[in-house]
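Numbering (this note's numbering), first residue to last: 131 to 764.
We put the beta carbon where it would ideally sit given N, CA and C, even for glycine.
Nothing here was measured: the structure is a model prediction, and the numbers come from that model.
The block underneath contains the structure these notes are about, expressed in structure tokens.
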């Protein structure tokens, strides 16, 4: 029975992958002027992918057939074989469910949020293409295929972040995201090439396949075919791609600016797809970094630094989407730190629950923006009665993010903190401090934007002033309720057990860590409540923090630093190359060669006089010269 079902398995992963692409193609071909048909087609595409993912999960629960690595020859030449295929295991199946499940909620929500936009069909076509690209990353069974989809995600995110390209800030944000990620991906490409070269050590056939690399590496290390230093270098180069995509310090500068895109895009990028791709990549190639402690230590340190610094930045933000953006960066730091501590299960657990409550928070923020036409939390407030569904679901997402039991964030965050408690107390302290900051800045956002006093709006928009605020339509409220349920129950649905397998034992709850993290979270909530419950117009932290607050507002001056660095390259280094090119290559090389050729041609031209006596004289001299040469030899 199982064998017969396995024969029918191959089409399902391809259905999951290509359904959103088919939706994108159909919208572009037929529905660019039919908004309802465009959104319906996009939603149908992602729902088909979700249904196929659920079918695979059910099939695996009944038959335990994973892992499956399948594909067809794509690139085949001497010494280079690359497949177009999929690797289906517990890791990829979990990610498929997250991407398609949370993505489906965001697609449905978008129908309400984007209604009336002049580029409504284009939005859904691009959103579908983005989903296709992300699913390609999840299913790819080798480095080359993964990198192709990795770059397609970059292209589609550029299109979505700069969707309202008529706004200069949106166009600039799209460019910034694309350029920063290209810098990181340069290191990633070097890492891929280095891994491929190392795989040929000892005369073995070089490969990009994850399955073959995982099978080859232990023996290569044991036999001394691969040096420890080269493996450290390869792991850190691959991590460069993670640092860009998952916005690790100092490359997180692109992520807050990405808020210029529509809010559903922010939810999709920050919750279930683009930024999660880096953490997923670490999980996919964990076999590569696990044997090298130095690489693990560097990765864990980068994650901890990112978590703390981004949480501090969130404290000083007034744009509700940027508060959530820096929160995402901070939580990604948690996940990367968990990977560095040797806990891919804990990292993927938190990635999954984070997708639930962060998508909920972004969509809740989008509902507020949709109703109030502002992103400034100081122009919001008093929404509990006017927008009860939005307000209370946002509160559920906040408590889950703060790690309050029994919501999902409590369990997944404590898995990471327990890892740090067992392996590195300094990282545990950083994680605990971040937990307190998270509770503080989210409490600030809730009291100012949602539960606090109603504030007078500086601007009103055609009857959409504060007095007219009301809950969003069901196309937006429905996904909020679904995500709120998942954010509340995510700790009880057996995610770690699913990741680890039937015979693995889940880590017992560490009551010391749970008690400390809960106490710190409650302390953060208490401090936020004390400071912001009655705040009306100005942030109470501005004066006490003084210059430090301005440093946070200016984001540690990292943007200025990178702009100065770009000027060094543009004005100094590029200037040197320009002068060398202009004065040496062009004037001496290109122009010099032209002048030499022209001079020689001029000399030769003068030899052609058109007079017979000149030619006769030249002929005579030539004969004499030949005779002289012959006589001298003899």
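Residue span of the beta strand (DSSP E) that contains residue 201, given as start and end: Residue mapping note: residue 201 aligns to position 71 of the chain shown, counting from 1. Going by DSSP, residue 201 is part of the beta strand (DSSP E) stretching over 198–207.
According to DSSP, is residue 724 helix, strand or coil? Working through the chain shown from its first residue, we reach residue 724 at position 594. Helix.
Are the CB atoms of residue 459 and residue 382 nearer to each other than 8 Å? Indexing the chain shown from 1 puts residue 459 at position 329. Indexing the chain shown from 1 puts residue 382 at position 252. Their beta carbons are under 8 Å apart, which means residue 459 touches residue 382 by this criterion.
Starting from residue 211 and walking both ways along the beta strand (DSSP E), at which residues does that stretch end? Working through the chain shown from its first residue, we reach residue 211 at position 81. Boundaries of the beta strand (DSSP E) around residue 211: 210–218.
Through-space distance from residue 265 to residue 583, alpha-carbon basis: Taking the chain shown and counting its residues from 1, the one referred to as residue 583 is at position 453. Taking the chain shown and counting its residues from 1, the one referred to as residue 265 is at position 135. Their Cα atoms are separated by approximately 43 Å.
Kindly give me the distance between the Cβ atoms of residue 143 and residue 269, rounded to whole angstroms, as I take these residues to be in contact under 8 Å. Here residue 143 refers to the residue found at position 13 when the chain shown is read from its first residue. Here residue 269 refers to the residue found at position 139 when the chain shown is read from its first residue. So it is a contact: roughly 6 Å between Cβ atoms.
With DSSP run on the structure shown, which of helix, strand or coil describes residue 329? For this step, residue 329 is matched to residue 199 along the chain shown. Looking at residue 329 - three-state DSSP - the assignment turns out to be coil, as it is neither helix nor strand.
Nearest to residue 564 by CA position, among 521, 434 and 303, is which residue? Sequence index remark: in the chain shown, residue 564 carries index 434 (1-based). The shortest Cα separation from residue 564 among 521, 434 and 303 belongs to 434.
Using 8 Å as the threshold, is the region 227–244 in touch with the region 603–616, meaning 3 or more CB pairs across them? Yes, since at least three Cβ pairs between the region 227–244 and the region 603–616 fall closer than 8 Å, the two stretches touch.
When the Cα atoms are used, what is the spatial distance from residue 410 to residue 478? Position 280 of the chain shown, counting from 1, holds the residue named residue 410. Position 348 of the chain shown, counting from 1, holds the residue named residue 478. For residue 410 and residue 478, the distance between alpha carbons rounds to 7 Å.
DSSP on residue 272, reduced to helix/strand/coil? Taking the first residue of the chain shown as 1, we reach residue 272 at position 142. The answer is strand: DSSP assigns residue 272 an E or B state.
Nearest to residue 247 by alpha carbon, out of 285, 163 and 697? The count along the chain shown starts at 1 and reaches residue 247 at position 117. Looking only at 285, 163 and 697, the smallest Cα-Cα distance to residue 247 is reached by 163.
Can you give the Cα-Cα distance for residue 432 and residue 452, rounded to whole angstroms? As a working mapping, residue 432 is identified with position 302 in the chain shown. As a working mapping, residue 452 is identified with position 322 in the chain shown. A direct Cα-Cα distance of roughly 21 Å separates residue 432 from residue 452.
Mind listing, in chain order, the continuous alpha helix (DSSP H) runs of no fewer than 4 residues lying wholly within the region 263–308? With a minimum length of 4 residues, the continuous alpha helix (DSSP H) runs that stay inside the region 263–308 are 273–291.
Taking the alpha helix (DSSP H) that residue 698 falls in, what are its first and last residues? Position 568 of the chain shown, counting from 1, holds the residue named residue 698. In this chain, residue 698 is not harboured by any alpha helix (DSSP H), its DSSP state being neither H nor E.
Measure the beta-carbon distance from residue 263 to residue 153 and round it to whole angstroms, keeping in mind my assumption that it falls under 8 Å. Sequence index remark: in the chain shown, residue 263 carries index 133 (1-based). Sequence index remark: in the chain shown, residue 153 carries index 23 (1-based). Actually they are not in contact, since the Cβ atoms of residue 263 and residue 153 sit about 13 Å apart, beyond 8 Å.
Given that a residue counts as buried once 16 or more other Cβ atoms are within 10 Å of its Cβ, and exposed if not, what is residue 339? As a working mapping, residue 339 is identified with position 209 in the chain shown. Classification of residue 339: buried, given that the 10 Å Cβ count is 16 or more.
Within the region 230–263, note down every full alpha helix (DSSP H) run reaching 4 residues or more, in order along the chain. Runs found: none.
Residue 190: first and last residue of the uninterrupted alpha helix (DSSP H) it sits in: As a first step, residue 190 must be located in the chain shown, where it is residue number 60. 165–193 is the span of the alpha helix (DSSP H), which, as asked, contains residue 190.
State whether the region 384–393 contacts the region 299–317, with contact taken as three or more CB pairs (one from each stretch) at a distance under 8 Å. In the pairwise beta carbon analysis, the region 384–393 is classified as touching the region 299–317: at least three pairs are separated by under 8 Å.
Give the DSSP-derived three-state secondary structure of residue 664 in the structure shown. The count along the chain shown starts at 1 and reaches residue 664 at position 534. If DSSP states are grouped into helix, strand and coil, residue 664 belongs with coil.
If residue 445 sits next to residue 567, beta carbons under 8 Å apart, how far is it from one beta carbon to the other, in whole angstroms? As a first step, residue 445 is located in the chain shown; it is residue number 315 there, counting from the start. As a first step, residue 567 is located in the chain shown; it is residue number 437 there, counting from the start. That belief holds up - the Cβ atoms of residue 445 and residue 567 are roughly 7 Å apart, short of 8 Å.
Classify residue 131 as buried or exposed, calling it buried when 16 or more other Cβ atoms lie within 10 Å of its own Cβ. In the chain shown, counting from the first residue as 1, residue 131 sits at position 1. In this predicted model, residue 131 has a pLDDT of only 46, less than 50, meaning its place in the structure is not dependable; the value taken from the coordinates is given anyway. That one is exposed.
With a cut-off of 8 Å on the beta carbons, I'd call residue 400 and residue 543 a contact; round off their distance for me. The residue given as residue 400 occupies position 270 in the chain shown. The residue given as residue 543 occupies position 413 in the chain shown. The pair is not a contact, with the Cβ atoms about 17 Å apart (cut-off 8 Å).
Between the beta-carbon of residue 178 and the beta-carbon of residue 145, is there less than 8 Å? As a working mapping, residue 178 is identified with position 48 in the chain shown. As a working mapping, residue 145 is identified with position 15 in the chain shown. At a Cβ-Cβ threshold of 8 Å, residue 178 and residue 145 count as neighbours.
With a CB to CB cut of under 8 Å and the five nearest residues on each side skipped, what residues in its chain are close to residue 592? Position 462 of the chain shown, counting from 1, holds the residue named residue 592. Unreliable placement is indicated for residue 592, whose pLDDT of 41 sits below 50; the coordinate value is still reported in the next sentence. The answer is none, since no qualifying residue turns up.
On the DSSP letters alone, give me the boundaries of the alpha helix (DSSP H) that residue 337 sits inside. If you number the chain shown from 1, residue 337 lands on position 207. Residue 337 -> no alpha helix (DSSP H), and no H or E assigned at all.
I think residue 150 touches residue 170, with their Cβ atoms under 8 Å apart; what is that distance to the nearest whole Å? For the purposes of this step, residue 150 is taken as residue 20 along the chain shown, with counting starting at 1. For the purposes of this step, residue 170 is taken as residue 40 along the chain shown, with counting starting at 1. That pair is no contact at about 14 Å.
Is the region 318–335 close to the region 285–303, with three or more CB pairs under 8 Å? As far as the Cβ criterion goes, the region 318–335 does not touch the region 285–303, which means the pair count is below three.
Return helix, strand or coil for residue 711, following the three-state DSSP convention. As a position in the chain shown, residue 711 is number 581, starting the count at 1. It is helical.
With DSSP as the reference, identify every bridge partner of residue 449, one or two as the case may be. In the chain shown, residue 449 corresponds to position 319, counting from 1. Note: residue 449 sits in a beta bridge opposite 506.
Please list the terminal residues of the continuous alpha helix (DSSP H) segment that includes residue 719. Taking the first residue of the chain shown as position 1, residue 719 is located at position 589. Residue 719 -> no alpha helix (DSSP H), and no H or E assigned at all.
For residue 520, the first and last residue of its enclosing alpha helix (DSSP H): Here residue 520 is taken as the residue at index 390 of the chain shown, counted from 1. It spans 518–532 - the alpha helix (DSSP H) in which residue 520 sits, taken as one unbroken run.
Classify residue 352 as helix, strand or coil using the three-state DSSP reduction. Locating residue 352 in the chain shown gives position 222, counting from the first residue. If DSSP states are grouped into helix, strand and coil, residue 352 belongs with the helices.
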